[in-house]
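**Q** Before we start, here is the structure in question, set down as structure tokens.
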Amino acid sequence: MFEREVAPGTASVRDIPAGVIERFQSFRHNLLRRSTISWAEHCIECALPNCYSQCEYYSPRSDLKCRRFANGMVGISIPGDPSLELMEITFKKWGQLFAPTAIGTANIAAAEAREEHDRRRAKALHSAPLPYALKAYLTRRTFALKRADLAKYADAVAPSAFATEVFNPNAEPIAIVITIQPSDPRKKLLFQKRFLVAPGYNNFLTPLQEIENVIGPLKQVNMGVGLANDSETATLVFGTLDFVTLQSSEQRDKPPADEDLPKIKCVVWDLDNTLWQGTLIEDGIENLRIFPAAVAAVHELDRRGILQSVASKNNPEEALTALAHFGLSDFFLYPEINWNPKSGSVRSIAKHFNIGTNTIAVIDDQMFEREEILSALPEVQTFAHDDLELLLAHERTDVMVTKESASRRMLYREEMERSEAESRISGDYLDFLRSCDLQVELESLSDHNRERVHELTQRTNQLNFSGGRYSRNRIDEIISDPGLDSFVISCRDKFGDYGIIGFALVDRAKLRMLDLMFSCRIQRKQVDVAALRHIISEYLPSAGNVFELVFRRTKKNSPNLDLFAEVGLHASHQENDAEIYACSAKDLAPDRGIVTLVQADR
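Every position in the sequence shown, counted from 1, becomes a number in the numbering used here once 70 is added.
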């Protein structure tokens with residue numbers, strides 16, 4: 071809540087992007103309990119009553135107190151969502167949000183009822199035809215009664231964190247500081263935390279434990295929120311600015327099914343009280359107890375070909391030793407074990423696997439950690455430690471199991487060996503590739519490889535040059551269509567077998583490639599260049615020495631157009647939503663002798 075008694079103005083929601091509004095709504099929807107702190111406009115250099123006559127920055131409000139926000143607290147109501155009201159503040163010099171409050175939370179229904187009562191009371195005060203002096207007195211009195219009411223209604227249910235939810239409409243980051251100190255002036259303790267508010271939506275969760283570690287467990291505190299440099303000015307829009315308790319995943323409404331959401335490619339596990347019972351750093355390996363359900367889930371995810379990693383706040387050597395102790399080391403690739411925010415660990419894991427963060431799920435027993443990840447990476451799916459059945463039954467982990475998917479972990483371990491071997495080379499990279507004995511096999515789409523091709527079309531994003539997905543019915547149609555030539559591309563080298571890593575489709579009548587896709591596992595290995603070059607060379611003699619390829623641009627595939635240039639394709643013309651690339655016999659790149667082509671029966 072905020073000082074509506076002296077803030078009758080409103081701002082347009084049209085100035086806030088729709089995606090930002092959705093983030094505010096989503097966070098509010100995921101709250102189980104929250105406080106209703108009554109924030110007021112405050113001057114950090116306040117010296118009542120002398121400032122009224124002596125301060126050159128004094129600017130009277132309707133209640134004669136000093137105006138330190140340029141337009142007061144400007145409410146922004148959201149059409150169709152009366153429970154959510156944002157607060158736009160333009161901080162002037164020395165301006166600060168301030169509130170004496172109890173550290174306690176109410177259930178969401180009670181909190182919303184308090185805020186609705188506050189809105190009605192403020193509206194009645196603004197519309198009352200009263201003399202100026204009397205209205206100023208009633209304004210101050212009403213605000214004092216409101217704070218007294220809140221102290222009376224505040225219950226003893228402690229929150230899990232303090233939420234600072236803020237939208238920055240500026241082009242540059244803005245630094246803010248939250249300050250919490252005991253209401254008792256005899257206690258000189260002070261908690262202070264600085265946040266850099268990036269342009270756009272931001273959500274900072276400060277665990278209650280972190281606050282209490284500094285100022286101790288308290289019921290009554292004084293709180294402040296303002297710019298880090300109190301001499302600056304800036305406009306920010308605040309959402310939730312309260313102590314909160316977030317819903318556990320089983321309490322949240324199950325989101326509607328979305329067929330466009332990609333399948334989960336990697337599950338990232340927390341360790342303490344998630345994979346095992348106990349805390350490694352406190353209990354030691356000998357006192358940890360592995361969760362049998364977690365081990366079963368690890369094995370099942372591995373069987374499905376879903377990669378797994380670790381994001382844990384622990385000492386890395388001890389954690390890796392514990393994983394080996396429980397016989398689980400081999401299941402987790404690129405583990406991130408450190409004391410950094412887990413959102414950064416998730417980003418690092420995604421980079422190692424070369425996958426999007428929207429294909430990652432995280433299992434963690436700590437609600438704070440899950441919400442920290444979601445605040446930075448809202449596209450990540452999160453699960454609590456006791457959500458394993460939900461995870462395994464989830465639509466996004468319901469994936470087909472093929473020969474390649476069941477051995478995906480080993481394929482990535484082989485890739486790690488390749489990377490280690492590559493890091494040791496001192497000569498030319500292409501010479502290294504030649505030493506790897508890369509072999510590519512091309513065969514037609516058929517019943518025995520149709521499931522893997524279907525999986526490939528569903529999972530491939532970066533090297534999917536049509537941006538399309540194939541249903542099983544469409545794959546069956548391709549198999550039976552005599553006018554289409556299909557190429558299922560497999561690869562192996564001296565380190566191991568990649569399995570099926572690519573698919574291409576050619577319209578025989580038009581002599582045009584309609585589709586082309588590769589697994590990201592073969593990037594930078596010249597496999598895609600060799601396969602595409604070979605297919606084009608097959609058709610050039612009968613294509614009037616010009617072969618065409620259809621490309622449909624997406625957010626994911628555009629950075630990979632270098633492949634076309636390496637082969638000899640160049641942009642030709644536009645057809646509706648497609649870009650047509652062409653290659654002539656004279657432009658076709660020469661064979662570099664890095665990859666050996668094996669033509670299976672076709």
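Using N, Cα and C, we set each Cβ at its ideal position, and we do this for glycine too. Remember, it's a predicted structure, so these values are computed and weren't measured experimentally.
Taking the C-alpha atoms as reference points, what is the distance between R104 and I419?
**A** Straight-line Cα distance between these residues: approximately 33 angstroms.
**Q** Taking the C-alpha atoms as reference points, what is the distance between S445 and T452?
**A** One C-alpha to the other measures close to 12 angstroms.
**Q** Note down the Cα distance separating R603 from R591, rounded to an integer number of angstroms.
**A** Each residue's alpha carbon lies about 19 angstroms from the other.
**Q** Within 10 Å of its beta-carbon, does A304 have 16 or more other beta-carbons around it, so buried, or fewer, so exposed?
**A** By the 10 Å Cβ count, A304 comes out buried.
**Q** With a CB to CB cut of under 8 angstroms and the five nearest residues on each side skipped, what residues in its chain are close to Y223?
**A** In this prediction, Y223 scores a pLDDT of 47, lower than 50, which makes its location untrustworthy; the coordinate-derived value is nonetheless stated afterwards. The residues are A176, A180 and R184.
**Q** Going by C-alpha distance, which of I430, I443, Y482 and S642 is nearest L461?
**A** Nearest of I430, I443, Y482 and S642 to L461, Cα basis: I430.
**Q** Grab me the residues of P325's own chain with a C-beta within less than 8 angstroms of its C-beta, minus the 5 sequence neighbours each way, in chain order.
**A** Annotation note: pLDDT 42 at P325 (below 50); position unreliable, no value reported.
**Q** Buried or exposed: N273, going by 16 or more other Cβ atoms within 10 Å of its Cβ?
**A** The residue in question, N273, is buried, as its Cβ has 16 or more Cβ neighbours within 10 Å.
**Q** Evaluate Q669 with the Cβ neighbour count: other Cβ atoms within 10 Å of its Cβ, from every protein chain shown; 16 or more gives buried, anything less gives exposed.
**A** It is exposed - the Cβ of Q669 has fewer than 16 other Cβ atoms within 10 Å.
**Q** So, under 8 angstroms CB-CB, E525 and V558 are touching, yes? Tell me the CB distance rounded to an integer number of Å.
**A** That pair is no contact at about 12 angstroms.
**Q** Write down the C-beta distance between R466 and L371 rounded to the nearest angstrom, noting that I regard them as a contact closer than 8 angstroms.
**A** The Cβ separation is near 12 angstroms, so there is no contact.
**Q** Can you check the stretch 83–121 for any beta strand (DSSP E) of at least 3 residues that lies completely inside it and give the ranges in chain order?
**A** Those beta strand (DSSP E) runs which fall completely within the stretch 83–121 and span 3+ residues are 101–104 and 110–113.
**Q** Check whether the stretch 305–319 touches the stretch 145–161, taking contact to mean three or more Cβ pairs, one atom from each stretch, closer than 8 angstroms.
**A** In short, these stretches touch, since the Cβ pair count reaches three.
**Q** Among residues of its own chain, excluding the 5 on either side of A648, which ones have a beta-carbon nearer than 7 angstroms to its beta-carbon?
**A** Cβ neighbours of A648 beyond the five flanking positions: V620, F621 and R622.
**Q** By alpha-carbon positions, which one of L101, F502 and K163 ends up nearest to C116?
**A** Nearest of L101, F502 and K163 to C116, Cα basis: K163.
**Q** Could you pull out every unbroken beta strand (DSSP E) segment of at least 3 residues lying fully inside the stretch 123–168, listed in chain order?
**A** Runs found: 144–148 and 151–161.
**Q** Contact check, S413 vs L316 under 8 angstroms by CB: the rounded distance?
**A** So it is not a contact: roughly 16 angstroms between Cβ atoms.
**Q** Provide the residue(s) that pair with H643 in DSSP beta bridges, ordered along the chain.
**A** Partner(s): I650.
**Q** So the candidates are Q509, Y127, R542 and G174; which of them puts its Cα closest to the Cα of R520?
**A** For R520, the nearest C-alpha among the options comes from R542.
**Q** For T171, which three-state DSSP category applies?
**A** Strand at T171.
**Q** If you draw a straight line from the alpha carbon of L481 to that of A381, how long is it in whole angstroms?
**A** Looking at the two C-alpha atoms, the distance is approximately 22 angstroms.
**Q** Rounded to a whole number of angstroms, what is the C-alpha to C-alpha distance between S319 and L398?
**A** Only weak support exists for where S319 lies, its pLDDT of 47 falling under 50; the coordinates are left without a value.
**Q** What whole-angstrom Cβ distance do F617 and C653 have, given they're in contact under 8 angstroms?
**A** About 5 angstroms separates the two Cβ atoms, so the contact holds.
**Q** For Y499, does the count of other Cβ atoms within 10 angstroms reach 16, so buried, or fall short, so exposed?
**A** Exposed, because fewer than 16 other Cβ atoms sit within 10 Å of the Cβ of Y499.
**Q** Per DSSP, S556 is paired with what?
**A** Paired residues: L575.
**Q** Rounded to whole angstroms, what's the CA-CA distance from H464 to C336? Just pull it up for me.
**A** Roughly 14 angstroms separates the two Cα atoms.
**Q** Around the C-beta of S628, are 16 or more other C-beta atoms found within 10 angstroms, so that it is buried, or is it exposed?
**A** Per the 10 Å Cβ criterion, exposed.
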